[in-house]
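Everything on this sheet refers to the single structure shown next.
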Amino acid sequence: MPSQAALQRHKFLKIFGTRLLNADYWHSNRHSCAVAIAAGLFAAWFPLPMHSFIAIGIALLLRGYLPLAITMVWVSNPLTLAPMMYGAYHVGARLLNLPTQELKHLFDHDFYSLASPLLVGAFTLALLSALLGWLLTHLYWRCKISRAWQARKQR
């Protein structure tokens with residue numbers, strides 16, 4: 093992890109101000125981890141550069157664990173980006189009742205005809221994956237605590 097001084101000097105992170113250095117954002121608990129996973133998954137779906145900044149902004153807004161939010165963004169990486177965007181395009185086209193193009197003909201069209209189904213699908217999948225990530229994190233954390241209490245009672 094970078095030091096706080098390195099974070100303060102980083103030119104792109106200056107937009108978040110001193111809030112980025114608050115210790116609450118660097119401490120993990122059930123709420124902060126669930127928010128971080130949701131923020132990272134949400135940001136990973138957007139076909140924009142600088143996903144990490146979107147995840148950091150959401151995590152700061154909702155008090156999420158910053159290292160985990162930044163890590164979750166890497167669900168969208170060079171290997172997974174193309175299938176994710178192709179799936180988002182198909183989801184968006186279905187939601188907008190538009191005909192879908194085959195993969196081999198997809199790039200024969202101009203960007204603007206692909207943009208609205210892609211963005212609608214990406215936003216829909218971003219919301220669904222963020223909600224699912226948040227919910228599964230809470231459920232996992234609750235099961236983990238419950239098992240720990242049961243093991244403690246048995247001892």
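According to my numbering, the sequence shown holds residues 93 to 247 in order.
Heads up, the beta-carbon is just placed ideally off N, CA and C, and yes, glycines get one too.
It should be emphasised that the depicted structure is a prediction, and the values quoted were computed from it without experimental measurement.
Practice task
Would you mind giving the Cβ-Cβ distance between Phe134 and Ala222, rounded to the nearest angstrom? I have them listed as a contact below 8 angstroms.
Solution key: Along the sequence shown, read from residue 1 onward, the residue named residue 134 stands at position 42. Along the sequence shown, read from residue 1 onward, the residue named residue 222 stands at position 130. Between Phe134 and Ala222 a beta carbon distance of about 4 angstroms is seen, short of the 8 angstroms cut, so the two are scored as contacting.
Practice task
Look at Gly179 and Val212 and say whether their C-beta atoms are less than 8 angstroms apart.
Solution key: Taking the sequence shown and counting its residues from 1, the one referred to as residue 179 is at position 87. Taking the sequence shown and counting its residues from 1, the one referred to as residue 212 is at position 120. Between Gly179 and Val212, the gap from beta carbon to beta carbon reaches 8 angstroms or more.
Exercise for the section: Look at the alpha carbon of Trp233 and the alpha carbon of Arg122, and state the distance between them as a whole number of angstroms. Expected result: Here residue 233 refers to the residue found at position 141 when the sequence shown is read from its first residue. Here residue 122 refers to the residue found at position 30 when the sequence shown is read from its first residue. In this structure, the CA atom of Trp233 is about 7 angstroms from the CA atom of Arg122.
Practice task
Keeping to the same chain, check which residues put their C-beta closer than 7 angstroms to that of Ile129; ignore five residues upstream and five downstream.
Solution key: Within the sequence shown, numbered from 1, the residue matching residue 129 stands at position 37. These residues qualify, in order along the chain: Leu160, Met164, Gly225, Trp226 and Thr229.
Handout entry: Contacting residues, own chain, Cβ-Cβ under 6 angstroms from Trp137 (five flanking each side not counted)
Key = Taking the sequence shown and counting its residues from 1, one reaches residue 137 at position 45. Only Ala214, Leu217 and Ala218 meet the Cβ criterion.
Problem - Sequence ranges, alpha helix (DSSP H) only - wholly within the segment 138-180, length at least 4 - result: List check, alpha helix (DSSP H) in window: 143-154 and 158-164.
Exercise for the section: Can you say whether Cys284 is buried or exposed, counting buried as having 16 or more other CB atoms within 10 angstroms of its CB? Expected result: A question about residue 284 goes unanswered here, because the residues of the chain that appear run from 93 up to 247.
Exercise for the section: Could you have a look at Thr192 and say whether DSSP puts it in helix, strand or coil? Expected result: The residue you call residue 192 lines up with position 100 of the sequence shown. When DSSP states are grouped into helix, strand and coil, Thr192 belongs to the coil group.
Handout entry: Option nearest Pro170 by Cα separation, candidates Arg101, Ala207 and Pro141
Key = Start at 1 with the first residue of the sequence shown, and residue 170 comes out as number 78. The candidate whose alpha carbon is nearest that of Pro170 is Pro141.
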